[in-house]
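**Student:** The sequence shown begins at 1 in full-length UniProt numbering and counts up one residue at a time.
Glycine included, every Cβ here is placed at the ideal spot set by N, Cα and C.
Got a structure for you, questions after.
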Amino acid sequence: MNKTRNGDVLLSKFLTNMLPTNKLLHRFNIVSSPNCDFCVHAEETISHILFHCPRYRDPRLQLLKEIQNLNLRLLLLNCLLRYIPPKPVTFGQECQGQAESA
Numbered sequence: 001m002n003k004t005r006n007g008d009v010l011l012s013k014f015l016t017n018m019l020p021t022n023k024l025l026h027r028f029n030i031v032s033s034p035n036c037d038f039c040v041h042a043e044e045t046i047s048h049i050l051f052h053c054p055r056y057r058d059p060r061l062q063l064l065k066e067i068q069n070l071n072l073r074l075l076l077l078n079c080l081l082r083y084i085p086p087k088p089v090t091f092g093q094e095c096q097g098q099a100e101s102a
């Protein structure tokens, strides 16, 4: 499976709440406990992994940093685009100039 396909599968599982967390695996009797292997007393859910589990602290901080950088780049792009004056174009405008010179 290539990287794009892996990402698509992961995103699909995330969006359908089917990532193989201990809570989900426990529901299907695949693991003995729904709790996080790292935290022990908290259920391992997608929310727990993304926002609370200390095991994923560093990747979570890296993700937040990337999101902040992306937001900053989008904000800068948006500011720059405000200074580009809109150029109204009507349908067939380019063709009219060619027809007149022919």
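1) Assess, as a yes-or-no matter, whether the stretch 19-29 is touched by the stretch 43-52 under the definition of 3 or more beta carbon pairs within less than 8 Å.
2) Assign I44 to one of three DSSP states: helix, strand, or coil.
3) Which one or two residues does DSSP pair with N35 in a beta bridge?
4) Taking 8 Å as the limit between beta carbons, can you name the residues of its chain near V31, skipping five residues before and five after?
**Tutor:** Once the coordinates are examined:
1) yes
2) Reading the sequence as shown, one finds Glu at residue 44 and not Ile. Coil, per DSSP.
3) E43
4) N22, L25
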